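**Q** Residue numbers (our numbering): 259 to 391.
Beta carbons are placed, not taken as given, at the ideal position from N, Cα and C, and that holds for glycine.
Being a predicted model, the structure only gives us computed values, none of them experimental.
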C-alpha cells in the first residue's frame with residue numbers, strides 16, 4: 259500500500275461554480291467542452307467535472323432561482339456544475355469564463371469560486387451529494 263501524501267504536498271486546487279447551456283445534458287458532452295477550454299492552458303493536472311446538474315433537473319432549477327441569474331438566457335436554458343481546477347490555472351480560467359458574453363461564446367460562465375467545495379455548494383444552493391456506501 260502506497261504512503262499517502264501529506265496535505266501540504268498534495269496539489270492545490272480551487273472549486274469553480276459554473277452555469278452551463280442547456281445544449282449539454284450529459285456528463286460526457288460537458289466533459290468534451292471542458293477539455294476544449296482546458297486545452298488552451300498548459301498544465302499537468304486536468305480540470306475535473308465534479309458535479310453536474312443539467313437544465314432539466316430540479317436541482318438546477320432550484321439553484322438558478324437562488325442565484326437569481328441575470329444572463330440573457332432564461333433559467334430553463336441553464337444547468338449548473340462544479341469544476342475542480344488546479345490552482346495555477348484558476349486565474350486564467352476565471353478570466354476566460356467571467357466575461358459578459360462567456361455564456362454566449364463558450365456556453366459556460368463562472369459564477370463563484372472558492373478553495374472549499376462546501377462553500378461553492380452553499381453559494382449555489384446545491385445539496386451535498388449522498389455518500390454511496
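Could you name the residues of the same chain whose beta carbon sits closer than 8 Å to that of residue 299, not counting the 5 residues immediately before and after it, in chain order?
**A** Taking the chain shown and counting its residues from 1, the one referred to as residue 299 is at position 41. So the qualifying residues of the chain are 347, 350, 351.
**Q** Spatial neighbours of residue 270 within its chain, please: C-beta separation below 7 Å, excluding the five flanking residues on both sides.
**A** Translated into positions along the chain shown, residue 270 becomes position 12. So the qualifying residues of the chain are 345.
**Q** Considering only the beta carbon of each residue, do residue 336 and residue 322 sit closer than 7 Å?
**A** Working through the chain shown from its first residue, we reach residue 336 at position 78. Working through the chain shown from its first residue, we reach residue 322 at position 64. Result yes, Cβ atoms of residue 336 and residue 322 sit closer than 7 Å.
**Q** Closer than 8 Å is the cut-off here; do at least three beta carbon pairs connect the region 354 to 365 with the region 301 to 308?
**A** No contact exists between the region 354 to 365 and the region 301 to 308.
**Q** So, is residue 314 buried or exposed, given that buried needs 16 or more other C-beta atoms within 10 angstroms?
**A** For this step, residue 314 is matched to residue 56 along the chain shown. By the 10 Å Cβ count, residue 314 comes out exposed.
**Q** Residue 371: buried (16+ other C-beta within 10 angstroms of its C-beta) or exposed?
**A** As a position in the chain shown, residue 371 is number 113, starting the count at 1. Buried, because 16 or more other Cβ atoms sit within 10 Å of the Cβ of residue 371.
**Q** Quick one: measure Cβ to Cβ for residue 338 and residue 275, integer angstroms, because I've assumed they're closer than 8 Å.
**A** If you number the chain shown from 1, residue 338 lands on position 80. If you number the chain shown from 1, residue 275 lands on position 17. Their Cβ separation, rounded to whole angstroms, is 7 Å, which keeps residue 338 and residue 275 in contact under 8 Å.
**Q** May I have the straight-line CA-CA distance separating residue 288 from residue 384, to the nearest angstrom?
**A** For the purposes of this step, residue 288 is taken as residue 30 along the chain shown, with counting starting at 1. For the purposes of this step, residue 384 is taken as residue 126 along the chain shown, with counting starting at 1. Their Cα atoms are separated by approximately 18 Å.
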